[in-house]
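Chemist:
Numbering (this note's numbering), first residue to last: 157 to 449.
#1: Which one of 441, 443, 422, 446 has the shortest CA to CA distance from residue 271?
#2: Does the distance from the C-beta atom of residue 370 to that of residue 332 stay below 8 Å?
#3: Determine the extent of the beta strand (DSSP E) in which residue 281 is found, giving its start and end residues.
#4: So which of 433, 428, 274, 198 has the shortest CA-CA distance to residue 443?
#5: With respect to the alpha helix (DSSP H) encompassing residue 295, which residues constitute its N-terminal and C-terminal limits?
#6: Do you know how far the Cα of residue 329 is from the Cα of residue 164?
#7: Between the segment 339 to 352 and the segment 373 to 390, are three or more C-beta pairs nearer than 8 Å?
#8: Using the Cα positions of residue 275 and residue 266, report the straight-line distance between them to the nearest angstrom.
#9: Could you check where the beta strand (DSSP E) with residue 442 kicks off and where it finishes?
#10: Hey, quick one: how far does the beta strand (DSSP E) through residue 313 stretch, first residue to last?
#11: Determine the direct distance from the alpha carbon of residue 364 to that of residue 343, and round the result to whole angstroms.
#12: Taking only the alpha-carbon atoms, compute the straight-line gap between residue 388 and residue 305 and give it to the nearest angstrom.
#13: Quickly, what does DSSP pair residue 259 with across the bridge? List them, please.
#14: So which of 239, 211, 399, 385 has the shortest CA-CA distance to residue 414?
#15: If we ignore side chains and look at the alpha-carbon of each, how far apart do residue 335 and residue 285 end up?
#16: Relative to the alpha-carbon of residue 296, which residue among 210, 273, 257 has its alpha-carbon at the smallest distance?
#17: Quick one: residues in its chain with C-beta nearer than 7 Å to the C-beta of residue 238, no 5 flanking neighbours on either side, listed in chain order?
#18: What does residue 374 pair with, by DSSP beta-bridge criteria?
#19: Below 8 Å between beta carbons: does that hold for residue 319 and residue 289?
#20: How long is the line joining the alpha carbons of residue 207 and residue 410, rounded to whole angstroms?
#21: Quick check on the burial criterion: 16 or more other C-beta atoms within 10 angstroms. Buried or exposed for residue 197?
#22: The alpha helix (DSSP H) spanning residue 391 covers which residue range?
#23: Could you tell me if residue 233 is buried or exposed, where buried requires 16 or more neighbouring beta carbons within 10 angstroms of its beta carbon?
#24: So, with DSSP's three-state summary, where would you put residue 457?
#25: For residue 202, tell me which candidate among 407, 188, 308 has the shortest Cα-Cα distance.
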C-alpha cells in the first residue's frame, strides 16, 4: 500500500510534522551553548535552553534529521550553510522604526550640527547601523538624514548597516514591510519615503529606491577581530545589541567599534546599555550618547 505524503506551505509532509523529536540533553545543550558563546559571543544560560531546543527542532524537521547529536555533528563538521542557518535561528532580530525616538531628536538638534561645524568644507558623512536586524533602524536613519539635508544644503550621507543574520539582512535589503510595522513612522515621512502595495490583499509598504540606495548592507560578526570596512564612521548606532554579550565581550566589541569611529564622532547605545566601568575612549554627552575622545 502506497503512503501519500501531503506537503503544506512549509514544504514538510504531514508525516514529517508528526515526528516527535527528543528534547535536548544536558550534554548537547552544553556543547551547543559553548559553541554559540565562543563563535558569536552570545550568552546561552540554562534559562534559554527551551528556546534553543524549540528553535533548533525546526531545523531538524527541515533537514529531516532525527536527533540533536546528528544535527550537532553536521554543524561542527564544517557545514557552513547550516552554520549560517543555525546563527539565524539563535539570534534575536527585534527592532522597530523610530525606536527610542529621542536618539533621533538629539541627532538632528545637536550631533549633526556639531558634525558640520567641526568639518567645514566636508559634504559627505558616514553612518553605521551596527546590528541592524531587519533594517528598520537604518531606514529610519535614512529618513531623518534625508529630512536634515533639506534644510542643510551641501549635507550628504552614506549608511552602512550590518548584522550577523543573513535572513535578517535579506529582509532589510528588500525594504518591504507589513503596514503594521510602519505605524511609528510620521505621516509626512510615510507619504514621502514609503510606497504602498497596489494589491489591497497585501498590506505592505516598500522603502523608496532613493533611500534604499543610500544604504549598504553587509554581514558582520562582532566576534571577529576586524570588520570588513574601509575608512571610519562619523556616527555609529549600536543599540540594544551588546546586551546579549557578557561584560568582557561587550568591552572588547565596543573597543573594536571605536577603532572605526572618527575622533570626535559619536556612539549611540540602547537605553538599557551602559559603559560604566569600561576603559573605552568615550565620554558621555547625554544618556547612552557618547563622543570618541
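Where is the CB? At the ideal position from N, CA and C, for every residue including glycine.
Modeler: So, to answer that:
#1: Comparing Cα-Cα distances from residue 271 to each of 441, 443, 422, 446, the minimum goes to 422.
#2: Annotated as distal: residue 370 and residue 332, with beta-carbon spacing of 8 Å or more.
#3: Segment 280 to 286, the beta strand (DSSP E) holding residue 281.
#4: Out of 433, 428, 274, 198, 428 has the C-alpha closest to the C-alpha of residue 443.
#5: Boundaries of the alpha helix (DSSP H) harbouring residue 295: 292 to 306, taken from the DSSP string.
#6: Residue placement at residue 164 is flagged as unreliable, the pLDDT there being 45, under the threshold of 50; a coordinate-derived value is accordingly withheld.
#7: In short, these stretches do not touch, since the Cβ pair count stays below three.
#8: For residue 275 and residue 266, the distance between alpha carbons rounds to 14 Å.
#9: Counting along the chain, residue 442 sits inside the beta strand (DSSP E) bounded by residues 438 to 442.
#10: For residue 313, the enclosing beta strand (DSSP E) starts and ends at 312 to 319.
#11: Cα-Cα distance, rounded: 15 Å.
#12: Inter-residue distance for residue 388 and residue 305 is about 21 Å (C-alpha atoms, whole angstroms).
#13: Residue 259 is not bridged to any residue.
#14: The residue among 239, 211, 399, 385 with its C-alpha nearest the C-alpha of residue 414 is 385.
#15: Cα to Cα, residue 335 sits roughly 23 Å from residue 285.
#16: Closest option to residue 296, Cα to Cα, is 257.
#17: Closer than 7 Å at Cβ, skipping near neighbours: 230, 231.
#18: DSSP output for residue 374 lists 318 as bridge partner(s).
#19: Contact: yes.
#20: Each residue's CA atom was taken as its position, placing residue 207 and residue 410 some 27 Å apart.
#21: Counting Cβ neighbours within 10 Å, residue 197 comes out buried, since at least 16 surround it.
#22: That residue, residue 391, is in no alpha helix (DSSP H); its beta strand (DSSP E) goes 389 to 394.
#23: Classification of residue 233: exposed, given that the 10 Å Cβ count is below 16.
#24: The shown model of the chain, from 157 to 449, leaves out residue 457, and the question about it has no answer.
#25: The option with the nearest alpha carbon to residue 202 is 188.
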